[in-house]
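For reference, the structure discussed in these notes is given below.
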Amino acid sequence: MRRRQFYVLILVFGVSLTASHWSLTTAEEAVIEQYDGLQVIHLSGTPYELGYQHGTVLKAQVQASVRQILGYFRRYLKIPLVRSWAANWWLDRPWREAAPFVPSDYLEELRGLADGSGVPLRDLYRLHAIPDRTYSCANFAAWGRVTNGGRLIHLRNLDWNIDVGIQQFATVFVVHPKGKRAFINLGWAGFVGVLTGLNDAQLSIGQVGAETVDATFRGEPMVFLMRRVLEEADTLEEAATLIRQARRTVGVNYVMADAKARAGIILETTHREARVFEADDPAEHAVAYARPMPDAVFRADTAMDPRIRNRQLASHGDPRRPGLEPPSGSAYEVRYLGQAAGLEASLGYLDPVAAQEIAKTVAPNSNVQSVVFAWPEVWVANASGTTPAAQRPYLQLDAQTLLAPAN
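This note's numbering applies: residue 890 is where the sequence shown begins, and numbers increase by one.
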């Protein structure tokens, strides 16, 4: 594996409009590494400094990323004469409703990102409104009797829309926020939220969007909740409590794993409901369409909790009809049942390579990212052109080395 490393010293200028003076702060060195073409960016400091470093080091990529992604949605909404306006409205509305609930640190980081990159802050807001508007994915965590040697292995497939082209801007951020836990965010240039990540307490997190009628944009967006888990939680209990106590927005099935404890959990959520499932959970044994097993948890978008399933549109749920509809469609039949079959077939010898094979089996053509966490190893693949991520080679990173404090 070829590795190149660069150090960039960034001066962060902050202007206060309420105080009659200028303030000058010197940020820590931003470290840029290249691992066989995958860029790894090390950021550290205050929220504004994190954003400014990100925007300055990746300026051209942030500009191109925002232009590409927002441009896709403007083309996608094929409304003659007003499609740009319609796309902006489609994203401005959820951000406007969510903004009062976004932690101030992330608003400050976005301000730094705008200042560093030259991208209008409003466009960055629009970019960060997209994840609560979209659904898909597959996740599992396995350990103990399922894996080779009992180590914990967490697979996360992010299935979104390969046509958007976000895979061109794939970036691994190693973040040392002042006063918080260090974490790795497997994301993209211009994006400060988390959809796939791991912290220095060996907690990893992924999610599956699960559309429900019990939803609102008046809450803390999923991508910031996931980031707070990495910055604040040391255990699965702390992670679950943080999400359960938050003012949530849309339906999400979270898959979280703790490599040091060799355990994982599922947290099914809607705006109002939240339910934790553990491995071989008795509650799942009461669900006809569930496939519980010891030492493993896994999900696509189908909820196993009856109250949550009753509110789902995902997997052909119909809240207007009495009773629970059996799930159908590719999310359940390919992603969920495919993970169950893959885990059962790998019982006792699941390792990162076998996990990658399961990822390949269940990944649709929309698979933009595939990650296997096997502390301290992180295996990551990103889509290229129209080739799904899980069909491409995985690059191995060492989380322990990446997260080590700088000398």
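A virtual CB, placed ideally from N, CA and C, is assigned to each residue, including glycine.
Treat the numbers as computed from the prediction; the structure is a model and nothing was measured.
Alpha carbon to alpha carbon, how far is residue j from residue i? Give it in angstroms, no decimals.
| i | j | result |
| --- | --- | --- |
| Val1064 | Pro1215 | 42 Å |
| Leu999 | Gly940 | 6 Å |
| Trp1032 | Trp978 | 45 Å |
| Val1118 | Val1261 | 19 Å |
| Arg1200 | Tyr1178 | 17 Å |
| Ala1295 | Val946 | 18 Å |
| Phe1166 | Leu1236 | 21 Å |
| Gln928 | Leu1125 | 29 Å |
| Asp1103 | Ser1025 | 17 Å |
| Pro1208 | Asp1194 | 14 Å |
| Leu996 | Arg985 | 13 Å |
| Glu1173 | Ile921 | 45 Å |
| Glu1121 | Leu1002 | 22 Å |
| Lys1069 | Gln1228 | 34 Å |
Taking 8 Å as the threshold (beta carbon to beta carbon), is residue i in contact with chain B?
| i | result |
| --- | --- |
| Met1145 | In the structure shown, chain B does not exist; there is a single protein chain. |
So the candidates are the options; which of them puts its Cα closest to the Cα of residue i?
| i | options | result |
| --- | --- | --- |
| Lys948 | Tyr961, Ile921, His1017 and Gly1079 | Gly1079 |
| Ala1090 | Arg1133, Gln1134, Met1145 and Leu980 | Met1145 |
| Met1111 | Val1139, Glu1246 and Leu1284 | Val1139 |
| Ala1272 | Tyr1238, Phe1058, Ala1185 and Val1176 | Phe1058 |
| Asn1037 | Gln1245, Tyr1238, Thr1275 and Leu1292 | Tyr1238 |
| Pro1020 | Gln952, His931 and Trp1077 | Trp1077 |
| Ala1150 | Thr1101, Leu1092 and Pro1241 | Leu1092 |
| Leu1013 | Pro1183, Ala1175, Thr1130 and Gly944 | Gly944 |
| Val955 | Arg1040, Arg1015 and Arg985 | Arg1015 |
| Arg1136 | Leu996, Ala1152 and Pro992 | Pro992 |
Report all residues from its chain with a CB closer than 6 Å to the CB of residue i; omit the five preceding and five following residues, and keep chain order.
| i | result |
| --- | --- |
| Asn1256 | Asn1046, Asp1048, Pro1277, Ala1278 and Ala1279 |
| Met1115 | Val1083 and Ile1094 |
What does DSSP give as the partner residues of residue i in its beta bridges?
| i | result |
| --- | --- |
| Asn1074 | Phe1062 and Gly1086 |
| Asp1048 | Asn1256 |
| Ile1247 | None; Ile1247 has no bridge partner. |
| His1160 | His1160 is not bridged to any residue. |
| Thr945 | Answer is none; Thr945 lacks a bridge partner. |
Please check the pair residue i and residue j, which I expect to be a contact at CB under 8 Å, by giving their CB distance rounded to whole angstroms.
| i | j | result |
| --- | --- | --- |
| Ala1018 | Leu980 | 5 Å |
| His1205 | Ser1219 | That pair is no contact at about 11 Å. |
| Ala919 | Gln942 | 4 Å |
| Ala842 | Arg1224 | Any answer about residue 842 is impossible in this case: the structure gives the chain only from 890 up to 1296. |
| Asn1088 | Phe1106 | With a Cβ gap of about 27 Å, Asn1088 and Phe1106 do not count as contacting. |
| Arg1133 | Ala1163 | 5 Å |
| Gln1245 | Trp1264 | Wrong, their Cβ atoms sit about 16 Å apart, outside the cutoff. |
Spatial neighbours of residue i within its chain, please: C-beta separation below 7 Å, excluding the five flanking residues on both sides.
| i | result |
| --- | --- |
| Lys1067 | Gly934 and Thr935 |
| Asn1074 | Phe1062, Val1064, Val1083 and Gly1086 |
Leaving out five residues on either side along the sequence, give the residues of the same chain with a beta carbon under 8 Å from the beta carbon of residue i.
| i | result |
| --- | --- |
| Leu1232 | Phe1029, Ala1031, Val1035, Met1182, Ala1185, Phe1187, Leu1239 and Ile1247 |
| Leu1226 | Arg1180 |
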